[in-house]
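Q:
Here's what the structure looks like:
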């Protein structure tokens, strides 16, 4: 009886799905856009700039790792990266002041947004928490 009960409990745990993230940023490299959902509803769609020729924006799915409101790049000449939401090592979603380049690849691999949009995404991530924010990058 005890073995059967443990088997039933194990089966229940295996079928439980992790909770959906409250905030999801879906980044399309081909259209250079980021669609942000909040609790499953589309909240924003913005132009972005991702990795230009010679630089890669990795494809995949990540949970946000850390925030830095006034970050500066140690790797790229102290370049400003305001409202940075880091998700994969040194890769982040962050603001750019080169807004004329949004909508086409222009970065060293990060996902760049208009400063107002980056501030909104940063605020959503801060509000819901890192564990409840996902960044998905696809072709």
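Residue numbers (mature numbering (1 follows the signal peptide of the UniProt record, and there is no 0)): -21 to -1, 1 to 118.
Don't be surprised by glycine CBs; every beta carbon is placed ideally from N, CA and C.
None of the values given here were measured: they were computed from a predicted structure.
Taking contact to mean 3 or more Cβ pairs, one atom from each stretch, closer than 8 Å, check whether the stretch 102 to 118 and the stretch 1 to 8 are in contact.
A: Yes: the two stretches touch, three or more of their Cβ pairs being nearer than 8 Å.
Q: Between the C-alpha atoms of residue 41 and residue 94, what's the straight-line distance to the nearest angstrom?
A: Against the chain shown, residue 41 aligns to sequence position 62. Against the chain shown, residue 94 aligns to sequence position 115. In a straight line, the C-alpha of residue 41 is about 22 Å away from that of residue 94.
Q: What residue range does the alpha helix (DSSP H) around residue 96 cover?
A: Position 117 of the chain shown, counting from 1, holds the residue named residue 96. Residues 94 to 107.
Q: With a cut-off of 8 Å, do at least 3 Cβ pairs link the stretch 24 to 34 to the stretch 89 to 104?
A: Counting Cβ pairs under 8 Å, three or more are found: they touch.
Q: Could you check where the beta strand (DSSP E) with residue 11 kicks off and where it finishes?
A: The residue labelled residue 11 in the question sits at position 32 within the chain shown. Here residue 11 belongs to no beta strand (DSSP E), and DSSP marks it neither H nor E.
Q: Shortest alpha-carbon distance to residue 115 belongs to which of 53, 80, 70 and 77?
A: Translated into the one-based positions of the chain shown, residue 115 becomes position 136. Measuring from the Cα of residue 115, the nearest candidate turns out to be 70.
Q: Measure the alpha-carbon distance for residue 31 versus residue 8 and round it to whole angstroms.
A: Looking up residue 31 in the chain shown gives position 52. Looking up residue 8 in the chain shown gives position 29. When rounded, the distance between both Cα atoms is 11 Å.
Q: When we look at the beta-carbon of residue 20 and count the other beta-carbons within 10 Å, is it buried (16 or more) or exposed?
A: For this step, residue 20 is matched to residue 41 along the chain shown. So residue 20 ends up on the exposed side.
Q: If you draw a straight line from the alpha carbon of residue 14 to that of residue 117, how long is it in whole angstroms?
A: Within the chain shown, numbered from 1, the residue matching residue 14 stands at position 35. Within the chain shown, numbered from 1, the residue matching residue 117 stands at position 138. Cα-Cα distance, rounded: 12 Å.
Q: Taking residue 84 and residue 73 to be in contact with their CB atoms under 8 Å, please state how far apart those CB atoms are, rounded to whole angstroms.
A: Residue numbering aside, residue 84 sits at position 105 when the chain shown is read from its first letter. Residue numbering aside, residue 73 sits at position 94 when the chain shown is read from its first letter. Contact doesn't hold; Cβ gap of about 16 Å is too wide.
Q: Under 6 Å Cβ to Cβ from residue 78, same chain only, skipping five residues before and after it: list those, please.
A: Walking along the chain shown from the start, residue 78 turns up at place 99. If we look at residue 78 and ignore the five residues flanking it on each side, its Cβ neighbours are 93.
Q: Once the 5 residues before and after residue 34 are set aside, which same chain residues still bring their CB inside 6 Å of it?
A: Position 55 of the chain shown holds residue 34. Hits under 6 Å: 87 and 88.
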